[in-house]
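4 protein chains.
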Amino acid sequence: MTAEPDAPKHRTAADFSTARLEAFSDGVFAIAITLLVLDLDVPDPAGLHGTTLAHALAHQWPSYFAYLVSFLVIGIIWINHHAMCSLARRVDRRTLFANLLLLLTVSVIPFPTRLLATYLTAQGGDAHTAAAIYAATMVAMGVAFSLLFLAFAHDARLLHTAIPPGDVIRALRRFGIGGVCYLATIGLAYLSPIAMLAVHALLAVYYCFDQLAPARRGR
Amino acid sequence: MTAEPDAPKHRTAADFSTARLEAFSDGVFAIAITLLVLDLDVPDPAGLHGTTLAHALAHQWPSYFAYLVSFLVIGIIWINHHAMCSLARRVDRRTLFANLLLLLTVSVIPFPTRLLATYLTAQGGDAHTAAAIYAATMVAMGVAFSLLFLAFAHDARLLHTAIPPGDVIRALRRFGIGGVCYLATIGLAYLSPIAMLAVHALLAVYYCFDQLAPARRGR
Amino acid sequence: MTAEPDAPKHRTAADFSTARLEAFSDGVFAIAITLLVLDLDVPDPAGLHGTTLAHALAHQWPSYFAYLVSFLVIGIIWINHHAMCSLARRVDRRTLFANLLLLLTVSVIPFPTRLLATYLTAQGGDAHTAAAIYAATMVAMGVAFSLLFLAFAHDARLLHTAIPPGDVIRALRRFGIGGVCYLATIGLAYLSPIAMLAVHALLAVYYCFDQLAPARRGR
Amino acid sequence: MTAEPDAPKHRTAADFSTARLEAFSDGVFAIAITLLVLDLDVPDPAGLHGTTLAHALAHQWPSYFAYLVSFLVIGIIWINHHAMCSLARRVDRRTLFANLLLLLTVSVIPFPTRLLATYLTAQGGDAHTAAAIYAATMVAMGVAFSLLFLAFAHDARLLHTAIPPGDVIRALRRFGIGGVCYLATIGLAYLSPIAMLAVHALLAVYYCFDQLAPARRGR
């Protein structure tokens, strides 16, 4: 699979093929995106207290909103992860660690999602706290994704084709702009938790189209 | 894997092989179908209040019924998903999005399943509400599946062999008839939630045999 | 992969390669075996009432026992499932259904496991009820496994090499003897739930060695 | 895939390719590492009793600490598992069992993690008990990993290239030293549960670098 006939000495236990990295990462992405459903609670019949189920379910709208945004975010990051991995032919220590860091930020998402769903409409500062933690998780994921890109771009031997320096700079500039937007949503969390969540939905959709756009430009 | 020697310029990050799409989708299907078991509750020993465990378990029959139907539905949609993917050789932006939408409707199924299990035998309108939500989830899944088919059929370059227009029309007609049946179960949910669930079990079995039937007709 | 150059007409959407069946089944096995850990409860600190954590954990021994046996059973059935699939080159409608039935019995195992862990040391008939349901789940799994074997053995075109009739009969006889043992454990559940669980641990180990033994006999 | 044209008689149901073993193991690793997130609890709004969410979340720091260490440990063991499997070309009965034992110790990790998170700051001996159980789980994982190595090293026919006896001895010596360190953390658990957890974080990082180091030494 990862045969390197001209350099057998460099074949070490640490030289993973990207296939293995992707299989494990795909598993984590698939599980994290599916575990989100455990954040949707069925109202306790004994707790309806005269109101209808429809009303109790409607009252839970923050759960559905947070679920949808987190589902979209994980789905998009999965698409981007694969796009990045398709450029690489093997992984080294740096990329393994950067990838593990990315998986950490992805697999933790069900926690801030449930946190935000629970406190989105809370009175006082608790909604801001929950929203800021949600936004900070997304910032951490963006940072981990950028680190993974840097780990790949750092060593041309890991790639099928070296990325031209100009493209690396352009990509980092885009990551930087994205990072500033993400950081700004932490601030937004203190103004309007709901707006923060909506912005993350928009950012996910934007990144997806941006990511996929080159296919149309005939790159 | 997805080498396109005659068109290397069109090889972009967005050109996924179907193998990757299937691996991720398989993961989501496998997890969603297995998470259903968390909807089966073990009666609390302290809550038996003099009745036997056997009686308490028998009382939970809506949970087993909803579990079985949802397991069957996810199993059949997995079979159909693979049948559709086997026609394709690569995926583009449209198919990625349509597939993500389908996975959203599949991975959410444990929620309406638990909802229906909890309220199937409830008094008043709550059973109807729960049943209508369950049926609506199935409608959404059918719509997403049709959109995925259209996304593949739309662009012959995504397929191993272009689907003849007549076959597309026949398939859409069948999806349309299926869609009407599914929509009708939302109405049925307001008449009899149990009948609604039984109809979905029958529809799943019918679609499976219908799907598999061509193998017998020597297509 | 499953190219059939001499019979392209028989290539239908329903002709799955076993690779796909195995990938999905592997996912379900891996998830079911890992979800068992959710059946192990951490004692509530507020509920210790003066006793130590060590004592409270020791009191939960039925949970660990049931966890271990179920882990072993799913592990062994995974090994046997792969051994069976390695004989096949493709799957048809019958095998897909039989496999879905097997996955149903496997993915439900966390439920009877938690049931048995909760009621193994209960007073009166509830321990018997829980143990009988556990044993019945294993019987259902054995039946589903035998049906899958029959579905494969039925049609030599599904296999790499047809299984000699003598081997089919021998295998069915062994399945039959195993089935009688499994059925007997339902009866044993009413005598001693703990003995029932111990017998299932022994049966799993026996089947594993029996399964693997041919490797030593140079078959 | 695992065709052995010169020795078809030795092709038995028990001769797994390592690809299958890895796919199943990857699934279990991915699920166990992602299920850890279920150990992070969202504070109940009704239970805040006048304190802020930020304060309640900060109070839960043992959960985050235990989550991070367990995530790191499973991530590193996954890397090492793949490094070991990459040396092998097929698996036999011994390796299947040793691998199942390793998966048992990995998939159970969410339980001692939640246990430790719950009792890390408890008064009296309960924190020691929880910490000792956590450390003992890691010891068991180390033992299972060593057994898997021995099962592979035992039979050169399972490997791409036989491991030189000197390397086996060196590896076992390293496993032995590691084992002593791990055992020592059980003792440390009775002195300081927090130090025990910190040491496991350090050991995981050390093993990762140690494992990956040969890539730098041009082995």
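Residue numbers (our numbering), protein chains in the order written: chain B, 1 to 219; chain Y, 1001 to 1219; chain U, 2001 to 2219; chain R, 3001 to 3219. A virtual CB, placed ideally from N, CA and C, is assigned to each residue, including glycine. The model shown is predicted, which means the values in this text are computed figures rather than measured ones.
Three-way DSSP call (helix, strand, coil) for residue i in this model
| i | result |
| --- | --- |
| L146 of chain B | For clarity, residue 146 of chain B is Ser in the given sequence; the question names Leu instead. The answer is helix: DSSP assigns S146 of chain B an H, G or I state. |
| S2070 of chain U | helix |
| G3047 of chain R | helix |
| V3091 of chain R | strand |
| L1159 of chain Y | strand |
| S1017 of chain Y | strand |
| P62 of chain B | helix |
| P112 of chain B | helix |
| A3127 of chain R | helix |
| V2042 of chain U | coil |
| T2034 of chain U | helix |
| P1165 of chain Y | helix |
| T1118 of chain Y | helix |
| S86 of chain B | coil |
Any chain R beta carbon closer than 8 angstroms to residue i
| i | result |
| --- | --- |
| G2075 of chain U | yes |
| L96 of chain B | yes |
| V28 of chain B | yes |
| T118 of chain B | yes |
| V2168 of chain U | no |
Other residues of its chain near residue i: CB distance less than 6 angstroms, five sequence neighbours each side excluded
| i | result |
| --- | --- |
| A1140 of chain Y | T1105 |
| Y2227 of chain U | The displayed coordinates of chain U run from 2001 to 2219. Any statement about residue 2227 of chain U would go beyond what the structure contains. |
| S3107 of chain R | V3028 and A3032 |
| S1070 of chain Y | L1036, I1109 and T1113 |
| P193 of chain B | L120, A127 and A131 |
Neighbourhood of residue i by C-beta, 8 angstroms cutoff - its chain only, sequence neighbours within 5 removed
| i | result |
| --- | --- |
| Y207 of chain B | I76, N80 and G178 |
| H160 of chain B | L87, A88 and R89 |
| F175 of chain B | G142, F145, S146 and F149 |
| L1021 of chain Y | C1085, V1091, T1095, L1096 and N1099 |
Chain Y within 8 angstroms of residue i, Cβ atoms only
| i | result |
| --- | --- |
| M2136 of chain U | Before going on, a small fix: residue 2136 of chain U reads as Ala here, not Met. Not closer than 8 angstroms to any Cβ of chain Y, the Cβ of A2136 of chain U fails to qualify, so no. |
| A2130 of chain U | yes |
| G2179 of chain U | no |
Distance between residue j and residue i (C-alpha atoms, nearest Å)
| i | j | result |
| --- | --- | --- |
| V1073 of chain Y | G3166 of chain R | 56 angstroms |
| A1127 of chain Y | G3027 of chain R | 37 angstroms |
| T129 of chain B | Y2064 of chain U | 39 angstroms |
| C1085 of chain Y | A1184 of chain Y | 28 angstroms |
| T2121 of chain U | A2066 of chain U | 12 angstroms |
| L3101 of chain R | L1147 of chain Y | 45 angstroms |
| A1153 of chain Y | L1103 of chain Y | 19 angstroms |
| Y3134 of chain R | A3058 of chain R | 22 angstroms |
| A2054 of chain U | M2196 of chain U | 27 angstroms |
| L2188 of chain U | V2205 of chain U | 19 angstroms |
| T2034 of chain U | F3111 of chain R | 11 angstroms |
| A2056 of chain U | D2155 of chain U | 54 angstroms |
| R94 of chain B | A151 of chain B | 6 angstroms |
| S3025 of chain R | F3097 of chain R | 12 angstroms |
| V1168 of chain Y | R1157 of chain Y | 15 angstroms |
| P1164 of chain Y | D2092 of chain U | 25 angstroms |
| V1243 of chain Y | L1203 of chain Y | Since the first and last residues shown for chain Y are 1001 and 1219, residue 1243 of chain Y lies out of range. |
| R1170 of chain Y | V1199 of chain Y | 23 angstroms |
| A1019 of chain Y | W1078 of chain Y | 15 angstroms |
| D2041 of chain U | D3039 of chain R | 11 angstroms |
Same chain only: Cβ atoms within 7 angstroms of residue i, ignoring 5 sequence neighbours per side
| i | result |
| --- | --- |
| Y1190 of chain Y | H1128 and A1132 |
| W2061 of chain U | none |
| A1136 of chain Y | I1186 |
Contact with chain B by residue i, beta-carbon distance below 8 angstroms
| i | result |
| --- | --- |
| F3111 of chain R | no |
| S1070 of chain Y | no |
| G1047 of chain Y | no |
| L3040 of chain R | yes |
| V3091 of chain R | no |
Contact test: residue i Cβ vs the ligand ZN heavy atom, cutoff 7 angstroms
| i | result |
| --- | --- |
| P1110 of chain Y | This structure lacks the ligand ZN, and indeed carries no ligand of any kind. |
Any C-beta of chain U under 8 angstroms from that of residue i
| i | result |
| --- | --- |
| V3108 of chain R | yes |
| F3024 of chain R | yes |
| G3050 of chain R | no |
| T1034 of chain Y | yes |
- prompt: When the Cβ atoms of the segment 2044 to 2054 of chain U are set against those of the segment 1042 to 1054 of chain Y, are three or more pairs found closer than 8 angstroms?
  reply: No: fewer than three Cβ pairs fall under 8 angstroms.
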